[in-house]
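Before any comments, here is the structure.
In the working numbering, the protein residues as written are 717 to 1027.
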């Protein structure tokens, strides 16, 4: 049975919340772990209204240091303390922003040094931000007015099914050598080379799903390899075509060009988010966009979806 990746859109608004729409952020849940992308004001309450738990979040990915993407962080950190959190928390920020965020946390949370959990602020410009046994999160630079990261959440591929009985018959000790063979690496044991094909059934190979979170940004001019054939693309759409000039001026995107970008990336499904509060006719606009691309959706407040972790 495949495991599920749960995706929760905690909000879809840009710059400032409205009475009906909270600011944009995304929560992914996989194998008992929560991964939060951006943390604007009111994120805590949005999580409480969802089916997810904030206490399962051990990694927070901030796209950039504009307030509508991280002002909710400080309340969340305080609530973690009130709820007796002890597990470490990693917060990822664009390169050059580590000291700035650390100073803000120390300033706002006066008892920061008395927390029962450790906060690790980690700078990332591009490449792997997080690499675990199950998943990898990669950062890519975006095109905005300040340094901004996009993040790609990827379930690691399975090269095949490992035959433990065969491995033991070849006198391979359990542990690190097992792991290397499962990752597709050959090993040397007793002067003999043992290849993955000797202990792996490659007919069970599986490709993990990929989810991208790109905001705030203009559409990238070149598709990064990590974005190719993305399963779910969550992309900002601060504006629509009638406001395309303003989008260019402030280095944001408008919906119609995001559709072109998603086609180039061969995205399976596109969810538009970070939409200006000036637009109140999102249902109508979604119907118009669907005529151009049937895989496009406008992310809705507290919408939750589930997908299998492997293709």
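We treat Cβ as the ideally placed atom computed from N, Cα and C, and that holds for glycine.
- Per DSSP, residue 881 is one residue of the alpha helix (DSSP H) stretching across 880-885.
- Contact between the stretch 998-1007 and the stretch 756-772 is absent: fewer than three C-beta pairs spanning the two stretches fall below 8 Å.
- Rounded to the nearest angstrom, the Cβ distance from residue 951 to residue 965 is 19 Å, too far for a contact under 8 Å.
- Straight across, the Cα-Cα distance linking residue 900 with residue 846 is about 21 Å.
- DSSP places residue 849 in no alpha helix (DSSP H); its state is neither H nor E.
- Excluding residues up to 5 positions away in sequence, 760 and 770 lie with their Cβ nearer than 8 Å to the Cβ of residue 795 in the same chain.
- Per the coordinates, the alpha-carbon of residue 953 lies some 26 Å from the alpha-carbon of residue 871.
- Contact between residue 809 and residue 837 holds: their C-beta atoms lie close to 6 Å from each other, under 8 Å.
- Of the residues 974, 779, 778 and 994, the one whose Cα lies closest to the Cα of residue 986 is 974.
- Assigned with DSSP and collapsed to three states, residue 759 falls in helix.
- In the three-state reduction of the DSSP assignment, residue 948 falls in the strand class.
- Under the DSSP assignment, residue 928 falls in the beta strand (DSSP E) whose first and last residues are 926-930.
- Contact between the stretch 775-782 and the stretch 801-808 is present: 3 or more CB-CB pairs across the two stretches fall below 8 Å.
- Considered as a whole, the stretch 762-796 harbours 773-777 as its complete beta strand (DSSP E) runs of no fewer than 3 residues, in chain order.
- Per DSSP, residue 994 lies in no alpha helix (DSSP H) segment and is marked neither H nor E.
- Note that the stretch 911-923 does not touch the stretch 934-941; fewer than 3 beta-carbon pairs, one per stretch, sit closer than 8 Å.
- The shortest C-alpha to C-alpha distance from residue 749 to any of 736, 734, 768 and 764 is the one to 768.
- In the three-state scheme derived from DSSP, where H, G and I count as helix and E and B as strand, residue 870 is classed as strand.
- Here residue 920 is exposed, its C-beta having fewer than 16 other C-beta atoms within 10 Å.
- Within the DSSP bridge table, the entry for residue 805 names 835 as partners.
- Distance between residue 923 and residue 819, taken at the CA atoms: about 41 Å.
- Counted as a single uninterrupted DSSP element, the beta strand (DSSP E) harbouring residue 745 occupies residues 741-746.
- In the three-state scheme derived from DSSP, where H, G and I count as helix and E and B as strand, residue 913 is classed as helix.
- In this model, residue 948 and residue 926 are separated by some 7 Å (Cα to Cα).
- In this structure, the straight-line span from the alpha carbon of residue 833 to that of residue 825 is close to 13 Å.
- Inter-residue distance for residue 743 and residue 972 is about 25 Å (C-alpha atoms, whole angstroms).
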